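The next block holds one structure in the form of C-alpha cells; read it before the comments.
Number of protein chains: 2
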Amino acid sequence: MAEARSGDTRERILDAAERLFMAHGYEGTSMRQITGEAQVNLAAVNYHFGSKESLMQEVFRRRLDWLNEERMRVLHALQAQAGGKPLKPSQIVDGFFGTLLRMGGDEKRGGVTFLRLLGRTLTDPSEFIRAFLAHEYQEVMDRYKEELFRALPDVPKAEIVWRFHFMLGATSYAIAGTDALRLVTDWQIEAADATDRLDRLVPRLMSFLLGGLRAPLPQFQDAAVDGL
Amino acid sequence: MAEARSGDTRERILDAAERLFMAHGYEGTSMRQITGEAQVNLAAVNYHFGSKESLMQEVFRRRLDWLNEERMRVLHALQAQAGGKPLKPSQIVDGFFGTLLRMGGDEKRGGVTFLRLLGRTLTDPSEFIRAFLAHEYQEVMDRYKEELFRALPDVPKAEIVWRFHFMLGATSYAIAGTDALRLVTDWQIEAADATDRLDRLVPRLMSFLLGGLRAPLPQFQDAAVDGL
DNA sequence: CTATGATTCAAACGAACGTATGAATCATAG
DNA sequence: CTATGATTCATACGTTCGTTTGAATCATAG
Chain X
23 MAEARSGDTR ERILDAAERL FMAHGYEGTS MRQITGEAQV NLAAVNYHFG
73 SKESLMQEVF RRRLDWLNEE RMRVLHALQA QAGGKPLKPS QIVDGFFGTL
123 LRMGGDEKRG GVTFLRLLGR TLTDPSEFIR AFLAHEYQEV MDRYKEELFR
173 ALPDVPKAEI VWRFHFMLGA TSYAIAGTDA LRLVTDWQIE AADATDRLDR
223 LVPRLMSFLL GGLRAPLPQF QDAAVDGL
Chain R
23 MAEARSGDTR ERILDAAERL FMAHGYEGTS MRQITGEAQV NLAAVNYHFG
73 SKESLMQEVF RRRLDWLNEE RMRVLHALQA QAGGKPLKPS QIVDGFFGTL
123 LRMGGDEKRG GVTFLRLLGR TLTDPSEFIR AFLAHEYQEV MDRYKEELFR
173 ALPDVPKAEI VWRFHFMLGA TSYAIAGTDA LRLVTDWQIE AADATDRLDR
223 LVPRLMSFLL GGLRAPLPQF QDAAVDGL
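Chains X and R, in that order, are what the protein sequence lines are.
Once you know that position 87 of the first sequence is 109 in my numbering, the rest is easy, because the numbers rise by one and skip nothing.
Once you know that position 44 of the second sequence is 66 in my numbering, the rest is easy, because the numbers rise by one and skip nothing.
Here it is in C-alpha cells:
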C-alpha cells in the first residue's frame, strides 16, 4: 500500500476547490478549473474524492470538523468556569460567533477564504449542500441553543431561535464580504489586507449581535431580556 | 407592429425564471427548465430577452424598479412630515427594511418568492449579478445612508455603514428563508403559509435590527447612540 | 531486482448547456 | 383579401460539463 505523494495532490485539490468555490460558487466552478489551478490531472478529483459533490463535502468537512470541536471545547470551558450557573449571553455569542470569526485569522484553518466560502454557502440554493451543512452543524447548534435558553429564561424560546437566525444572517453576510451593494464606497475604504479588516470587524459585529439579541421583545412586550 | 400575446409569453418566462432562480440559483437553472416551466418554446427567451444574463437582469428590474420608487416615496413622506429635522432611526430602518418586507406580502410584486430570490442573490458569487444589483441599489442606498448619518450624528459614519451592512445581512438571510442549519426544527414549526410566516417575521426582525443599530459602540466606547 | 498496488496521465464518453437558424404561424394594417 | 412584420416552432450548432477508461508511471514490499 504505497502512499506516494497523494497527500500532496489531495490537499492541493482541496485548496484550489476552496478558493474557487468561494470565488465562483459550486455550480460556477468546473472540474477543469479546479484541477488546472491545483496543477493536477483532470481525473485526479474523481480518483481521490469520487465526485464533485463529494469534493465539496470534503472541502467543508476539513474545516468544520475542527470548528465544531473548537466550539464545543469553548462551551465546555465556559460551563466549567460557571459551575452550573447559566452563562452570560455575551459569552455564548462569543463562543459561537467569536470562535468562527477568529478562525478567519488562522491561515492553517482556511483563513478568510473559508470564512467567505461558508458565508456564501449558507444561502446557497443547492439542496444537497444545505442538507450536508445542516447535518454538520446540527449537534453544536443544538448545544448552543440550549445554553441560550438557559441564559435567557424570560425570553420565549421561539424568540431566541429567531434571533439566533438573525445573528447567523448578519454574521454570514459579513464574512461573505461581498459588499454586494457597494455600501463601503468612498467613505472609508479600510482597504488593508483581509486579516486586518477582520480584526476590526470582530468587535463591531459582536456588539451589533448582542444589541440585537438583547433588544426589547417585539409587539408591545418590553420586559428586559436579561441582566447581561 | 403586432403585439400579439407576447406580453403573455414574456411574463410567463419572467415568472418561471423568478421561481427557478430562487429555487436553484442562476447557474443551477437551465434555459430548458425555464422554458419548460413557462410552457413556451426554448428559443423564446433569446428572442424576447437576448440572453440568459439579460433575462436575469430583467427578472430583477421588474421588481426593483418598483421597490426603489417605493423606498424613495416613503423616505420623502417621512422627511416632509419631519419638516427638516432628522428622522428617528426606527423610521429610517422601517422605511428601508420594512418596505422590503411588506413587499413580500404583495403577490403582485413577486411576494415571498422574489424576497427569497433577492436574499439569496445578495451573496451570489457571479460578478455580473453583483455589479448589476449594486448599480440598481446605489442611489436609494446612498439616500438612506445619508439620512442615517443625520439621525445619528454622534455615531462615527464608518460605524453606521458597518451596521447597515449587518442589518442587510440579517434581513437578507431571514428572507432567503432557507433555514439552512435547521434551527427551527421541532420547537415551533410555525408552518403556516409563507405569508403568515412573514407577518410574524417583520416585527421580530425590526426589533432585532433596531437593537443592533442602537447597541453600544464597540471597543470601550459606550455613549448612547441616540435618543431613539 | 521483481512484483504489486497506488497513483497519474492523455484521451474520450454521452449528456446538457446557451444560442442560432430558417421555416411555419399568427395578428393586424391597408 | 392580401401583405407585412411579429412571434412561435422544431431542430441543430459548437462548447463545455462531470465522469470513465486503460495504459503508463511511480513507490514500496518481499
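A virtual CB, placed ideally from N, CA and C, is assigned to each residue, including glycine.
Here the structure is a predicted model, which means the values were calculated and not measured.
From residue i to residue j, what distance separates their C-alpha atoms?
i, j, result
"X/Met228", "R/Arg185", "11 angstroms"
"R/Ile56", "X/Ser76", "28 angstroms"
"R/Gln113", "R/Val224", "14 angstroms"
"R/Arg165", "X/Gly133", "35 angstroms"
"R/Leu89", "R/Thr121", "8 angstroms"
"X/Ile211", "X/Ala45", "In this predicted model, X/Ile211 has a pLDDT of only 45, less than 50, meaning its place in the structure is not dependable; the value taken from the coordinates is given anyway. Answer to the nearest angstrom: the Cα atoms are 21 angstroms apart."
"X/Val67", "X/Glu49", "16 angstroms"
"X/Ser194", "R/Ala102", "36 angstroms"
"X/Leu137", "R/Ala104", "42 angstroms"
"R/Asp208", "X/Arg34", "With a pLDDT of 44 at R/Asp208, under the threshold of 50, the modelled position of this residue cannot be trusted; read the value that follows with caution. Approximately 41 angstroms between the Cα atoms of the pair."
"R/Glu92", "R/Met125", "10 angstroms"
"R/Lys179", "R/Gln160", "17 angstroms"
"R/Lys107", "R/Arg172", "9 angstroms"
"R/Thr143", "R/Arg54", "21 angstroms"
"R/Ala156", "R/Lys167", "14 angstroms"
"R/Leu123", "X/Val177", "24 angstroms"
"R/Arg152", "R/Phe119", "19 angstroms"
"R/Glu129", "X/Phe154", "32 angstroms"
"X/Tyr69", "R/Ala65", "39 angstroms"
"X/Asn63", "R/Asn63", "40 angstroms"
Leaving out the 5 sequence neighbours to the left and right, which residues in its chain are closer than 7 angstroms to residue i when beta-carbon positions are compared?
i, result
"R/Phe150", "Glu75"
"R/Leu36", "Glu80, Val81, Arg84"
"R/Phe255", "With chain R covering only 23 through 250, there is no way to say anything about residue 255 of chain R."
"X/Arg131", "Arg85, Trp88, Met125"
"X/Ile182", "Leu170, Phe171, Leu174"
At what residues does the alpha helix (DSSP H) containing residue i begin and finish?
i, result
"R/Thr51", "It is not in any alpha helix (DSSP H) - R/Thr51 carries neither H nor E in the DSSP assignment."
"X/Thr7", "No answer is possible for residue 7 of chain X: it lies beyond the span of chain X, which begins at 23 and ends at 250."
"X/Phe118", "Where X/Phe118 is concerned, there is no enclosing alpha helix (DSSP H), given that its DSSP letter is neither H nor E."
"X/Lys130", "Looking at the DSSP string, X/Lys130 is not in any alpha helix (DSSP H), and its letter there is neither H nor E."
"X/Ile191", "The sequence given here places Gly at residue 191 of chain X; Ile does not occur at that position. Start and end: 179-198."
"R/Leu86", "74-104"
"X/Ala156", "149-173"
"R/Ala66", "66-71"
Indicate whether residue i and residue j have their beta-carbon atoms separated by less than 7 angstroms.
i, j, result
"X/Thr135", "X/Arg41", "yes"
"R/Val115", "R/Leu231", "yes"
"R/Arg226", "X/Pro175", "no"
"R/Leu139", "R/Gly117", "no"
"R/Leu100", "R/Leu109", "yes"
"X/Phe192", "R/Ala192", "Inspection of the sequence shows that residue 192 of chain X is occupied by Ala rather than by Phe. It is a contact, given that the beta carbons lie within the stated cut-off."
"X/Gly47", "R/Pro147", "yes"
"X/Thr31", "X/Phe43", "no"
Quick one: residues in its chain with C-beta nearer than 8 angstroms to the C-beta of residue i, no 5 flanking neighbours on either side, listed in chain order?
i, result
"X/Met94", "Val162, Arg165"
"R/Ala196", "Gly141, Leu223, Leu227"
"X/Asp221", "Gly127"
"X/Gly234", "Arg185, Phe188, Met189, Ala192"
"R/Glu158", "Phe82, Arg83, Leu86, Asn90"
"X/Gln61", "Arg34"
Give every residue of the same chain whose Cβ lies closer than 6 angstroms to the Cβ of residue i, excluding the five residues on either side of it in the sequence, and list them in chain order.
i, result
"X/Glu59", "Ala38"
"X/Ser73", "none"
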